[in-house]
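Residue numbers (our numbering), protein chains in the order written: chain C, 1 to 501; chain G, 502 to 948; chain P, 949 to 1073. As structure tokens, the structure follows; a few thoughts come after it.
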Amino acid sequence: MTETFSGSRGLIIEEGLIFEQDTLGQSGVDLAEPAPVVDRLGGLERKGRIGLPGLSEPTVVRHYTRLSQKNFGIDSVFYPLGSCTMKHNPRLNEKLARLPGLSDIHPFQPQSTVQGALELIDMTAHWLKTLTGMPAIAMSPAAGAHGEFCGLMAIRAAFNDRGEKRTRVLVPESAHGTNPASAAACGFTVDTIPATARGRVDLAALKAKLGPDVAAIMVTNPNTCGLFEDEILEIAEAIHGVGGYFYCDGANYNAIVGRVRVADLGVDVMHINLHKTFSTPHGGGGPGAGPTVLSAALAPYAPLPAVVHDDKGFRLIEHAAESGAKPVGRIKGYHGQFGVFVRALAYMMSMGADGLRQASTDAVLNANYLLAQLGDDLSASFDGPCMHEALFDDRFLKDSGVTTLDFAKALIDEGYHPMTMYFPLVVHGALLMEPTETESKDTLDQFIASVRGLAKRAKAGEADGFKAAPVHTPRRRLDETLAARSPVLRWTPPAVAKAAE
Amino acid sequence: MRYLPLTDADRRTMLDAIGASSVDDLFRDVPVAARRDAPVDLPHHASEMEVERRLTALAQKNLSAGCAPFFIGAGAYRHHVPAAVDALIQRGEFLTSYTPYQAEVSQGTLQYLFEFQTQVALITGMDVANASMYDAATATAEAASMACRVTKRKKIILSGDLHPHYRSVTASTLQFTDLEVEALDPDPIGIEDMLGRIDSQTACVVVQNPSFFGRVNDLRALAAACHDEGALLVVVVAEPVSLGLVTSPGEMGADIVVAEGQSIGNGLNFGGPGLGLFSTKDKYVRQMPGRLIGQTVDSEGRRGWVLTLSTREQHIRREKATSNICTNSGLCALAFTIHLSLLGEEGLRKLARINHANAVILAEKLASVKGVKLLSQTFFNEFAVQLPKPAAEVVEALAAKRILGGVPVSRFYPNYPELADVLLLTATETNSEGDIDALVAALKEVL
Amino acid sequence: MSQLYFTTEHEWINVEGNLGTVGITDYAQHALGDIVFVELPQAGAKVTKGGDAAVVESVKAASDVYSPVTGDVAAINDAIVDAPALVNEAPEAAGWFFQVALSNPAELEGLMDRAAYDEYVAGLE
């Protein structure tokens, strides 16, 4: 194929960095001249250039538009990413989050002037408590990992309050990395529990590791293999039996949201990923929100702030003294991810109790359909049924010369974002697929056809094509080794870079 | 329901393919006691129109900042965000994309984050920055923790001039580690003796510039004192627009700089989501938490970007990770990057000048109000004043006149009676001369 | 006369007199993939048998390198800090990690020789 002069290829346009398009003195914003005043900077006026490029508005708009065209997004492609719940992000949520009465309000306005905002937080909290059946909630965590941290903090505070020193937290080997990281951040040591051949937590192994020094167990349910922990009541009983707490990682809540009462599973604390189960956009890596529901035993230790409602209206509790409880402190600035709450509440209201029930139903149905249709072509790691995600491993690629990674890159050329790869760690070369309920049967059938075709090609020994994939993307495979061995983490002006050599 | 594409016919066909007689079959592992047989006791599904009606009703119960003279800051600042920012961040390829783990189909996200990292390093005067944290408060806690890893010491000293939320989040976050957090009393007029407290056990000193009470400080002597004892200086910037006019923390000798990025590109949104900025020196990069984007080439030799140095992070290091952070604040970082790209060098400098000028004019006009005493001898766009009566009462009285006249410090420090009369006031480019005159007139009435 | 031993954690130790040179095996470097960074102990630090001594990072994984024996770190290999690729290229030669002065040579008795290690590795695959 002939190379173009520009390096662009039709709709795939080569675009440099903003720093390389600098026009001295230019700005894309019109600003009035500042009034002449005697400054009060104490002699600390910034001297010298900051180094930011000057650009006009058309240049900036073109630059970021072109960048966007190099991305996949849920709006354009199917993203069967396990444990991420890449469901449709409704635009109504975006519209409502931008209402001036919800977006142009300051966290420290007098509370009488933001009663609607406080009521919104309270309403969102009410929906989440009612859905899970749990009596209390901390709204401030900024993401799932932050919610885990919040829950473990409450657990640690509860034991401290009783004068009990417990140092260990049990975590299944299939757990997401944030689980042990969050436990370590609370000063706990992490003890791993193996999985059974059926992909669930090994109850016997769990019981063997229990002791009076165990503070909690962290269990994802459904688990990261996409399976419901069928011995969950026994797990809860076992940890409660030694006076410990049951932390449930709610990343997979989409499988059960309208159909299971979390409180009845023996859960003491669970974080909910609003950017997963409740449709708020992933935004290329955030922002999310991780509100955390708590049992009555742990509720007193929930971090500040809280929103309360009495006959005088809605009020923020921002200080321990006014809380009447023993909050573990504050883990986030201001009042939580309010913009994310607005989007989540709009979604919850749109779906309603009946819609949310149908959503978990369809999510599980779609995943089982993939499992049934692909079980023969790929190697399913466990017998079905699965919940909202289906786990395969790389046994079907044995002796083909094609790895899970290569298979995923070939899927990109087919116009799909690959499934989650190499997670969970309990199987080799994992391929974890979560379709969600917002995919049609047609989309699934097309995906199935592509996957079957690729599997056949791989087993036929045509590894070269896989190794070269993807070929239809703005960039081919990138050298991650080079990036890690010689890190270049920012643009540097050429003169400076040259001097540094 | 408009977000659910499956039809009943689809469901039946799929159940047949699965070999299940009903969907309930697929939920057979759920303990009977925990099953819900019917939808939860909450409203049923609603149309767009209906949801819009209900949330608009809630919105109308709030007095939005644009509807009244507005002078509130305290870590969240109201600036004009150009229309192009919101239009661009709503593009589906940005809004609905995932974390850029598959680099070949995420070059858009990876490139803008690389530009973001560069911009953050430039404005803070540091070598390298990460791809964002949740907010300044959590970033402060992470910075303190990082300083302890770097120095292998355990003592953290928090200045009394830090935003109270940054202080309490740092103290709360680290309370169950073996690190020691010493938080000095709130320091409105800048008399705390930080220099005398640094010793060979100190991992870091954390200060804010401009401070929570508005003051702009020269941190060079403090930086030198820290380095003499082998400690690190962590500087927090609540208002990044100030970096267009005030000497950067990097130039003053900071080792780690964190900031709240909200005021550039992102609206107030009742305080969330925020945008944590985090930058440091090259030599500390491996101890830096959060995601990092690195430049590389693809198999055809063309420049591109990838997530790198991931081995510091939770998905690999697990309990030995530098932080547990996973999802951060990507879209807010994009809004920041686009706004800062539009402003550019000249725009940011001019915007900062306008902010400072408006704050100076506000301070000068307040001098004519009997009983109001300016406490901040230096400031950028926010300062503290002492009133002749409790500031909380005054703010409520102003609100009754539909003026959002600042934040009483007692909201953050209810147990410090000496701070009950202190009010924080902010003026940005969004304040007109009319706003300022209205505030001054109202104060004369209520005081 | 030097003697080469192996551990089940895929470290090797080449002992001459009282000094042991430690590195990771070819099997380990292959499993890790391209190595991008190594973190070595400080010279003079104490290491214990089976305890953490170093960290080796590839793009996708970070692995702890344990010391096969107890002793004091006598020397470290700066070459692999500057060029981590050396561990991939010559894992059992120029890509060594550190040298230990053994405090208890009896610990070597529990380690495998080349034949036993090769058999052990064959059993893993």
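Beta carbons are placed, not taken as given, at the ideal position from N, Cα and C, and that holds for glycine. All of these numbers come straight from a predicted model, not from anything done at the bench.
Check, Outcome
"At a Cβ cut of 7 Å, what residues of the segment 475-486 of chain C count as close to chain P, listed as they run along the chain?", "Glu-480, Thr-481, Ala-484, Arg-485"
"When the cut-off is 8 Å and only beta carbons count, does Pro-385 (chain C) lie next to chain G?", "yes"
"Quick one: what does DSSP say Val-861 (chain G) is sitting in, helix, strand or coil?", "helix"
"Does any C-beta atom of chain G lie closer than 8 Å to the C-beta of Glu-957 (chain P)?", "no"
"Are any of the Cβ atoms in chain G nearer than 8 Å to that of Phe-108 (chain C)?", "yes"
"Taking DSSP's pairing of strands, which residues face Arg-66 (chain C) in a bridge?", "According to DSSP, Arg-66 (chain C) bridges with nothing at all."
"Inspect the beta-carbon positions of Ala-430 (chain C) and Phe-466 (chain C) and report whether they are closer than 8 Å.", "no"
"Going along the chain, which residues of the segment 279-295 of chain C sit with their C-beta nearer than 9 Å to a C-beta in chain G?", "Ser-279, Pro-281, His-282, Gly-283, Gly-284, Gly-285, Gly-286, Pro-287, Gly-288, Ala-289, Gly-290"
"Looking only at its chain, what residues have a beta carbon closer than 8 Å to the beta carbon of Val-451 (chain C), apart from the 5 residues adjacent to it on each side?", "Leu-374, Asp-377, Leu-378, Leu-411"
"With 8 Å set as the bound, which would you pick, yes or no: does the beta-carbon of Met-153 (chain C) sit closer than that to a beta-carbon of chain G?", "yes"
"Quick check on the DSSP output: the beta strand (DSSP E) that includes Thr-625 (chain G) runs from which residue to which?", "From DSSP, Thr-625 (chain G) is part of no beta strand (DSSP E) but of the alpha helix (DSSP H) over 608-625."
"Under DSSP, the alpha helix (DSSP H) around Asp-122 (chain C) begins and ends at which residues?", "115-132"
"Could you tell me the alpha carbon to alpha carbon distance between Pro-327 (chain C) and Ala-630 (chain G), rounded to whole angstroms?", "33 Å"
"What in chain P is Cβ-close to Thr-812 (chain G), meaning under 9 Å?", "Val-984, Phe-985, Val-1003, Glu-1005, Ser-1006, Val-1007, Lys-1008, Ala-1009, Ala-1010"
"Looking only at DSSP bridge pairs, what is Arg-168 (chain C) linked to?", "C:Thr-189, C:Val-214"
"Just to confirm, are Phe-779 (chain G) and Val-759 (chain G) a CB contact at a threshold of 8 Å?", "yes"
"So the alpha helix (DSSP H) Arg-555 (chain G) belongs to, where does it begin and stop?", "549-560"
"List, from N- to C-terminal side, the alpha helix (DSSP H) runs of 4 residues or more that fit wholly inside the segment 369-434 of chain C.", "404-413"
"Given a limit of 8 Å on CB to CB distance, which residues of the segment 1026-1053 of chain P reach chain C?", "Pro-1032, Ala-1033"
"What three-state label does DSSP hand Ile-13 (chain C) in the structure shown?", "coil"
"For Ala-755 (chain G), which residues of its own chain have a beta-carbon under 6 Å away from its beta-carbon, when the five flanking residues on both sides are left out?", "Leu-734, Val-736"
"From the beta carbon of His-88 (chain C), is the nearest beta carbon of chain G less than 8 Å away?", "yes"
"So for Gly-697 (chain G), helix, strand or coil by DSSP?", "helix"
"Against chain C, does Val-910 (chain G) count as a neighbour if the rule is that its beta carbon must be under 8 Å from one of theirs?", "no"
"Pull up the distance between the alpha-carbon of Phe-572 (chain G) and that of Val-947 (chain G), whole angstroms please.", "16 Å"
"Check Ser-764 (chain G) in the structure and name its three-state DSSP category.", "coil"
"Could you check if Glu-761 (chain G) is buried or exposed, using at least 16 other CB atoms within 10 Å of its CB as the buried criterion?", "buried"
"According to DSSP, is Thr-955 (chain P) helix, strand or coil?", "coil"
"For chain G, check one thing: does any of its Cβ atoms lie closer than 8 Å to the Cβ of Ala-430 (chain C)?", "no"
"Give me the residue from G:Asp-936, G:Ile-658, G:Glu-846 with the minimum Cα distance to Ile-624 (chain G).", "G:Glu-846"
"Check whether the segment 320-340 of chain C and the segment 278-297 of chain C are in contact - that is, three or more C-beta pairs closer than 8 Å.", "yes"
"Does the distance from the C-beta atom of Pro-583 (chain G) to that of Leu-233 (chain C) stay below 8 Å?", "no"
"Can you tell me where the beta strand (DSSP E) with Lys-656 (chain G) in it begins and where it stops?", "656-659"
"What whole-angstrom Cβ distance do Gly-285 (chain C) and Gln-115 (chain C) have, given they're in contact under 8 Å?", "In fact, because the Cβ distance is near 33 Å, the residues do not count as touching under 8 Å."
"I want to verify the contact list: residues of chain C whose CB lies under 7 Å from the CB of Met-502 (chain G), in sequence order.", "Met-351, Gly-355, Gln-358"
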